[in-house]
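Asker: Numbering (the working numbering), first residue to last: 36 to 468. All C-beta atoms in this analysis are idealised placements derived from N, C-alpha and C, irrespective of residue type, glycine included. All values reported here derive from a predicted model rather than from experimental measurement. To start, I am sharing the structure in question, which I have written as structure tokens.
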């Protein structure tokens, strides 16, 4: 209850500076994993066990509705069908969870769907009042990713979780002997996800030295997670950042040569041992995913419209004798609240990306958006309580805001050109006698 009171107080005191609160939401998810949430909120579970950042999102929304309702209404009006679809999905997920015989799943529903969607709304609304939100979010994301990468390096060097150790030790997957670390995020793959979506954003930075340091740190970080998909995605991002950066050819050549040298050093270091072993032997990961997909395809009609409630996919996986979860949020959400609504939810993400990708000039943002839609499909991501939900919707908000900004600028330019053309066609006034 104390944390809820602090969130309400902050939303009132900082009601005219919502960006501070929005930055705090992202910071909380990066620095406070779900397994350590009770350290901040004092609630380990139950009706008040939502993540600390989710409480802050709700408080900020309430504060902004009282202080600046116009911006919220404007955001809803400009993207009416987007929020209509999202509301429909949330209602379907809620009803599926409440009417399920198994019940439960409300923490996951709030932390991974409702709160991130409300955060998306707040970002869209705040972008109207003051420009520069996309750059602010880019800088904050890169800073936070750098912080968790540094923590992961420290964990790898010390062989210890360092923070929230009791919470991590309670997780079935946690094993310090594997040297697979996650910083202050909930899973190694969550760290890999944030690195993947942040790496393309480095292209928008101006300083070569900062770009190089961040890219090296991200390469090291993704190696520590031992994510094969993450390593491939970051590798592509590094190449794109160098080649599409606004630099002279000789500067790009130096950057590429330096990063190549770093890669050679890294390959010969112990950092690469874990991911090399996973490349040689995936310990049945691919086979488990294939079995999960096969099981789903034989029973998809059971989940065509309605599901069994949020979190039920884990129970179904156990009943089916699968060794892992379904490892894909589309499949898992389909079981949770129906194929129709799951496809609607993830299809909307793709539509937002495609509709706005050609309407902005922010380097690397479109590729970051693509990775934010694709990478989560490679593991259970959005079907677990982690940073995944808030990061995906933050990147999508950046894409939408960038698209909105560019469309407004284009309309203004067309209006100016029309005015100039109209003045040129207007007949000259007759001289006075």
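1. Quick one, which of 414, 71, 102, 391 has its alpha-carbon nearest residue 87's?
2. Rounded to the nearest angstrom, how far is the Cβ of residue 179 from that of residue 65, given a contact under 8 Å?
3. If you run the structure through DSSP and keep just helix, strand and coil, what is residue 235?
4. Between residue 10 and residue 164, what straight-line distance do the alpha-carbon atoms span, to the nearest angstrom?
5. Do residue 158 and residue 432 have their C-beta atoms within less than 9 Å of each other?
6. Count the other C-beta atoms from every protein chain shown that fall within 10 angstroms of the C-beta of residue 368, then say buried if there are 16 or more, exposed otherwise.
7. With a threshold of 8 Å on Cβ separation, who are the neighbours of residue 370 within its own chain once the five nearest residues in sequence on each side are excluded?
8. Could you give the DSSP three-state label for residue 258: helix, strand or coil?
9. Taking Cβ to Cβ, would you say residue 443 is nearer than 9 Å to residue 114?
10. Considering just the uninterrupted stretch of the alpha helix (DSSP H) at residue 118, what are its terminal residues?
11. Nearest-angstrom Cα distance between residue 181 and residue 223?
12. Going by beta carbon distance, what residues of the same chain come within less than 6 Å of residue 380, once the five residues before and after it are set aside?
13. Report, in whole angstroms, the separation of the C-beta atoms of residue 427 and residue 411, which I expect to be a contact under 8 Å.
14. Fully enclosed by the region 242-305, which alpha helix (DSSP H) runs are 4 residues long or longer?
15. Work out the CA separation of residue 448 and residue 407 for me, nearest whole Å.
16. Take every Cβ of the region 389-398, pair it with every Cβ of the region 450-459, and state whether three or more of those distances are shorter than 8 Å.
17. To test your reading of the DSSP string, which unbroken alpha helix (DSSP H) runs of 4 or more residues are found completely within the region 125-205?
18. For residue 105, is the classification buried or exposed, using 16 other Cβ atoms within 10 angstroms of its Cβ as the cut-off for buried?
19. Taking 9 Å as the threshold (C-beta atoms), are residue 419 and residue 154 in contact?
20. How about residue 80 and residue 142: do their beta carbons lie closer than 9 Å?
21. At the level of alpha carbons, what is the spacing between residue 357 and residue 391?
22. What's the gap between the Cα of residue 161 and the Cα of residue 53?
23. For residue 468, count the other beta carbons within 10 Å of its own beta carbon; 16 or more makes it buried, fewer makes it exposed. Which is it?
24. So, is the C-beta of residue 426 closer than 9 Å to a C-beta in chain B?
25. Is residue 421 near residue 147, with beta carbons less than 9 Å apart?
26. Roughly how many angstroms separate the alpha carbons of residue 287 and residue 233, rounded to a whole number?
27. Helix, strand or coil: which one does DSSP assign to residue 372?
28. Going straight from the alpha carbon of residue 177 to that of residue 188, what length do you get?
29. If I'm right that residue 405 touches residue 388 with Cβ under 8 Å, what's the distance once you round it to whole angstroms?
30. Run the CB neighbour count on residue 235, radius 10 Å, all protein chains shown included, and call it buried at 16 or more, exposed below.
31. Is it true that the region 197-211 meets the region 84-101, where meeting means three or more beta-carbon pairs spaced less than 8 Å apart?
32. Enumerate in chain order the residues of its own chain whose CB-to-CB distance from residue 226 is below 7 Å, with the five nearest sequence positions on each side excluded.
33. With DSSP run on the structure shown, which of helix, strand or coil describes residue 20?
34. Which residue's Cα is closest to the Cα of residue 249: 277, 262, 126?
35. Just to confirm, are residue 61 and residue 175 a CB contact at a threshold of 9 Å?
Answerer: The relevant details are as follows:
1. Reading the chain shown from its first residue, position 52 is the one you call residue 87. Nearest of 414, 71, 102, 391 to residue 87, Cα basis: 71.
2. For the purposes of this step, residue 179 is identified with residue 144 of the chain shown, where counting begins at 1. For the purposes of this step, residue 65 is identified with residue 30 of the chain shown, where counting begins at 1. Going by Cβ atoms, the distance from residue 179 to residue 65 rounds to 4 Å, so yes, they are a contact pair.
3. Residue 235 sits at position 200 when you count from the first residue of the chain shown. Helix, per DSSP.
4. Outside the shown range of the chain, which is 36 to 468, sits residue 10, and nothing can be said about it.
5. One-based indexing of the chain shown puts residue 158 at position 123. One-based indexing of the chain shown puts residue 432 at position 397. Taking 9 Å as the Cβ cut-off, residue 158 and residue 432 qualify as a contacting pair.
6. Mapped onto the chain shown, residue 368 falls at position 333. Under this definition residue 368 is a buried residue.
7. Reading the chain shown from its first residue, position 335 is the one you call residue 370. Same-chain partners within the cutoff: 331, 338, 342, 343, 347, 348, 351, 361.
8. Residue mapping note: residue 258 aligns to position 223 of the chain shown, counting from 1. It is helical.
9. One-based indexing of the chain shown puts residue 443 at position 408. One-based indexing of the chain shown puts residue 114 at position 79. No. Outside cutoff.
10. For this step, residue 118 is matched to residue 83 along the chain shown. Segment 115-134, the alpha helix (DSSP H) holding residue 118.
11. Walking along the chain shown from the start, residue 181 turns up at place 146. Walking along the chain shown from the start, residue 223 turns up at place 188. The straight-line gap from Cα to Cα measures roughly 15 Å.
12. As a position in the chain shown, residue 380 is number 345, starting the count at 1. These residues qualify, in order along the chain: 124.
13. Within the chain shown, residue 427 is the residue found at index 392, counting from 1. Within the chain shown, residue 411 is the residue found at index 376, counting from 1. Indeed, because the Cβ distance is near 6 Å, the residues count as touching under 8 Å.
14. 243-260, 263-279, 284-302
15. Taking the first residue of the chain shown as 1, we reach residue 407 at position 372. Taking the first residue of the chain shown as 1, we reach residue 448 at position 413. Taking the straight line joining both Cα atoms gives about 32 Å.
16. no
17. 141-144, 150-164, 168-193, 200-204
18. Here residue 105 is taken as the residue at index 70 of the chain shown, counted from 1. When all chains shown are included, residue 105 counts as exposed.
19. As a position in the chain shown, residue 154 is number 119, starting the count at 1. As a position in the chain shown, residue 419 is number 384, starting the count at 1. Contact: no.
20. Counted from its first residue, the chain shown places residue 80 at position 45. Counted from its first residue, the chain shown places residue 142 at position 107. Taking 9 Å as the Cβ cut-off, residue 80 and residue 142 qualify as a contacting pair.
21. In the chain shown, counting from the first residue as 1, residue 357 sits at position 322. In the chain shown, counting from the first residue as 1, residue 391 sits at position 356. One C-alpha to the other measures close to 39 Å.
22. As a position in the chain shown, residue 161 is number 126, starting the count at 1. As a position in the chain shown, residue 53 is number 18, starting the count at 1. The alpha-carbon atoms of residue 161 and residue 53 are separated by roughly 8 Å.
23. As a first step, residue 468 must be located in the chain shown, where it is residue number 433. For residue 468, the predicted model reports a pLDDT of 48, less than 50, meaning its position is unreliable; a value from the coordinates is still stated below. Residue 468 is exposed by the Cβ-count criterion.
24. Of the chains in the structure shown, none is chain B; there is only one protein chain.
25. Taking the first residue of the chain shown as position 1, residue 421 is located at position 386. Taking the first residue of the chain shown as position 1, residue 147 is located at position 112. In contact: residue 421 and residue 147 (Cβ atoms closer than 9 Å).
26. Residue mapping note: residue 287 aligns to position 252 of the chain shown, counting from 1. Residue mapping note: residue 233 aligns to position 198 of the chain shown, counting from 1. If you take the alpha carbons of residue 287 and residue 233, they lie about 20 Å apart.
27. Mapped onto the chain shown, residue 372 falls at position 337. Helix at residue 372.
28. In the chain shown, residue 177 corresponds to position 142, counting from 1. In the chain shown, residue 188 corresponds to position 153, counting from 1. C-alpha separation (whole angstroms): 16 Å.
29. Here residue 405 refers to the residue found at position 370 of the chain shown. Here residue 388 refers to the residue found at position 353 of the chain shown. Right, the Cβ-Cβ distance comes to about 6 Å (below 8 Å), so this counts as a contact.
30. Residue 235 sits at position 200 when you count from the first residue of the chain shown. Under this definition residue 235 is a buried residue.
31. no
32. The residue given as residue 226 occupies position 191 in the chain shown. Hits under 7 Å: 183, 187, 217, 218, 220, 256, 260.
33. Here the chain comprises residues numbered 36 to 468, so residue 20 is not present and cannot be evaluated.
34. Here residue 249 corresponds to residue number 214 of the chain shown, with the count starting at 1. Checked all of 277, 262, 126; the closest Cα to residue 249 is 277.
35. Stepping through the chain shown from its first residue, residue 61 is reached at position 26. Stepping through the chain shown from its first residue, residue 175 is reached at position 140. Yes, these two residues count as a Cβ contact at 9 Å.
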